Amino acid sequence: MTKDAQGNEALFVKAATLAARFRDEAGTRLQRPSFDYATAVTAFAEPLPEQPMAMDGVLDQLVLKAEPGLHSMTGPRFFGWVIGGSHPMGVAADFLTSAWGQNAGNHAASPASAAAETTAAQWLLELLDLPRQSSVGFVTGATVANFTCLAAARGAVLHAAKWDVEANGLFGAPPISVLIGDDAHTTVFSALQFLGLGRDRVLRVATDDQGKILPQAFSEAISSVDGPCIVILQAGQINTGACDGFADLIELARSKKAWVHVDGAFGLWAQASPNKRHLTAGVDGADSWAVDGHKWLQAPYDCGYAIVRDELAHRRAMTIAASYLPLTNDGERDPSHYVPELSRRARGFATWALIKHFGRDGIRALVDQACESAALLAGRLSQEPGIAVLNEVVLNQLIVRFGDEKHGDSLTQATIKTLQQDGTAFCGGALWRGQQVMRISVTNYQTDLTEAARAADAIIDAYRSARRQLQL
Ligand SMILES: *Cc1c(COP(=O)(O)O)cnc(C)c1O
Numbered sequence: 389m390t391k392d393a394q395g396n397e398a399l400f401v402k403a404a405t406l407a408a409r410f411r412d413e414a415g416t417r418l419q420r421p422s423f424d425y426a427t428a429v430t431a432f433a434e435p436l437p438e439q440p441m442a443m444d445g446v447l448d449q450l451v452l453k454a455e456p457g458l459h460s461m462t463g464p465r466f467f468g469w470v471i472g473g474s475h476p477m478g479v480a481a482d483f484l485t486s487a488w489g490q491n492a493g494n495h496a497a498s499p500a501s502a503a504a505e506t507t508a509a510q511w512l513l514e515l516l517d518l519p520r521q522s523s524v525g526f527v528t529g530a531t532v533a534n535f536t537c538l539a540a541a542r543g544a545v546l547h548a549a550k551w552d553v554e555a556n557g558l559f560g561a562p563p564i565s566v567l568i569g570d571d572a573h574t575t576v577f578s579a580l581q582f583l584g585l586g587r588d589r590v591l592r593v594a595t596d597d598q599g600k601i602l603p604q605a606f607s608e609a610i611s612s613v614d615g616p617c618i619v620i621l622q623a624g625q626i627n628t629g630a631c632d633g634f635a636d637l638i639e640l641a642r643s644k645k646a647w648v649h650v651d652g653a654f655g656l657w658a659q660a661s662p663n664k665r666h667l668t669a670g671v672d673g674a675d676s677w678a679v680d681g682h683k684w685l686q687a688p689y690d691c692g693y694a695i696v697r698d699e700l701a702h703r704r705a706m707t708i709a710a711s712y713l714p715l716t717n718d719g720e721r722d723p724s725h726y727v728p729e730l731s732r733r734a735r736g737f738a739t740w741a742l743i744k745h746f747g748r749d750g751i752r753a754l755v756d757q758a759c760e761s762a763a764l765l766a767g768r769l770s771q772e773p774g775i776a777v778l779n780e781v782v783l784n785q786l787i788v789r790f791g792d793e794k795h796g797d798s799l800t801q802a803t804i805k806t807l808q809q810d811g812t813a814f815c816g817g818a819l820w821r822g823q824q825v826m827r828i829s830v831t832n833y834q835t836d837l838t839e840a841a842r843a844a845d846a847i848i849d850a851y852r853s854a855r856r857q858l859q860l
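At position 199 of the sequence shown (counting the first as 1) the number is 587 in the working numbering, and the numbers step up by one without a gap.
Here you go:
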């Protein structure tokens, strides 16, 4: 077997060169894969190799097989799902993270991994202007952040009812009321499912046409609550970008001693911009927050943060105890205290590097530029007869409908298909209030007004071409 000090540099430089080429072409390549899944499967499928192959050759093969099946998620006119751009600063730090091979579970195992998290956690709390004593777990994304925060919530509300759920489980525990908006993200329901709180036994609170919880409906729902209660609010609805009215809802929740959790996967970053902070006013009054690093902060996948005001509740929920794991002194932060995993990647390095690179000003600019680009897209698209932007474009999300009532979903579907085929820009679809819409999510650091204008032209062209195809 190879020993280190035998050719690592050539291999790593080659990987970096291939990576740089891929990234430098992000703006000019088609903003979609050229292989579908079935073709990609064929590209990779082969019998289990019996013989070794040189690392250099394996890299070549990997690039050859993978690249045609990669989506242009780092591209400046890629607006699918809600996808951050994997900023080069984070990618470079992540190269090193992989090369360093650290298990970031505890600070005795890797002092620097834990220390980078300690500082990055404090920076995140300042950027998002959340209570500074909160604890932060570095997880894979908002799904696991929601899970982690809701585990802390579950433990805390039952602890207050004199029930130790961490030790004794849910059997025989007092029931917990869970209130959640009707337009919450699907992964929050998954987190509830994992935690034994149930996807379907929640109280779903009605929302308005933007997906925001209706205060009156919330007030009625919470007035019937008696006993342990968790309230789940949202910053940044996945389609509209709308944020719940935190200040009022949190005050109502407090009157019932409920734990308030906020899913702010991307929307919580509104806190980092003075121009957008009005949207999330009062959000710092909650008890826990889930937010992604791999969306608006542009961290490479995977990266999210589980933030909990009550550190003790956070730690109780995530405790891992074993004789071979060193007990830590008070004040010394172990990464594994705040996440479900023990062994994991040292995510703190990329987050540290990105915040160090952008600074507070750069992160504010990142948020503002995406919102301005989204506003430009909304303005350009709504000028075209037959195109309607359905949401109030308050943040970085748009939902767009094509054609009149009489066309039903057909023109919207055909426009999405035509745009994707063309490849100048990429947008996906969704159902909103039972209607097909095009979703546009501006979450990439490279999308500026010029790129947004080019994308708007491409979408309008796709719409006109779809009309011609359908002979309208
Ligand atoms: C993306 C998203 C999630 C899920 O986050 P992952 O990073 O995909 O795990 C949850 N909630 C909202 C509002 C999101 O936008």
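Positions of the beta carbon are idealized from the N, C-alpha and C atoms, including for glycine.
In this text the structure is predicted, and so the values were computed from the model without any measurement.
Q. With burial defined as no fewer than 16 other Cβ atoms inside 10 Å of the residue's Cβ, what is the status of S501: buried or exposed?
A. buried
Q. Just how far apart, CA to CA, sit E342 and W820?
A. The structure shown has nothing for residue 342, since the chain only spans 389 to 860.
Q | Any residue whose CB is nearer than 6 Å to a heavy atom belonging to ligand 1, listed in chain order | A | V470, G529, A530, T531, H573, T575, G624, I626, D651, A653, F654, D680, G692
Q) Does the distance from the CB of F423 to the CB of P456 come in under 8 Å? A) yes
Q) So, V830 versus F432, is the Cβ gap smaller than 8 Å? A) no
Q) Where are the alpha helix (DSSP H) runs, 4 residues long or more, that stay fully inside the stretch 709-796, in chain order? A) 736-771
Q | Inter-residue Cα distance where the pair is G560 and I610 | A | 24 Å
Q. Going straight from the alpha carbon of V782 to that of A541, what length do you get?
A. 30 Å
Q | Simplified DSSP assignment, three categories, for I626 | A | coil
Q. Of all the options G478, E699, G652, I775, which has the alpha carbon lying nearest to the alpha carbon of G525?
A. E699
Q: Count the other CB atoms, across all protein chains shown, that sit within 10 Å of the CB of A509; report buried if there are 16 or more and exposed otherwise.
A: buried
Q. Grouping DSSP H, G and I as helix and E and B as strand, with all else coil, what is I486?
A. The sequence given here places Ser at residue 486; Ile does not occur at that position. Three-state result, S486: helix.
Q: Put R587 into one of helix, strand or coil per three-state DSSP.
A: coil
(Q) Count Cβ pairs between the stretch 478-489 and the stretch 681-695 that sit closer than 8 Å; are there 3 or more? (A) yes
Q: Kindly indicate which residue of A674, L515, Q686 has the alpha-carbon position closest to the one of R697.
A: A674
Q: Take S474 as the anchor and find which of L742, W488, A623, P603 has the nearest alpha-carbon.
A: L742
Q: Tell me, to the nearest whole angstrom, how far the beta carbon of T806 is from that of S853; I am working on the premise that it is less than 8 Å.
A: 5 Å
Q. From Y851, A841, D836, pick the residue whose C-alpha is nearest to that of F790; which is it?
A. Y851
Q: Starting from Y693, trace the beta strand (DSSP E) both ways and give me its first and last residue.
A: 692-696
Q | Helix, strand or coil at W657 according to DSSP, with G and I counted as helix | A | helix
Q: Quick one: residues in its chain with C-beta nearer than 6 Å to the C-beta of R704, no 5 flanking neighbours on either side, listed in chain order?
A: G543, E554
Q. Once you ignore the five residues that flank V593 on each side, which residues in its own chain have a CB closer than 8 Å to its CB?
A. L567, I568, G569, D570, I601, L602, A605, F606, A609
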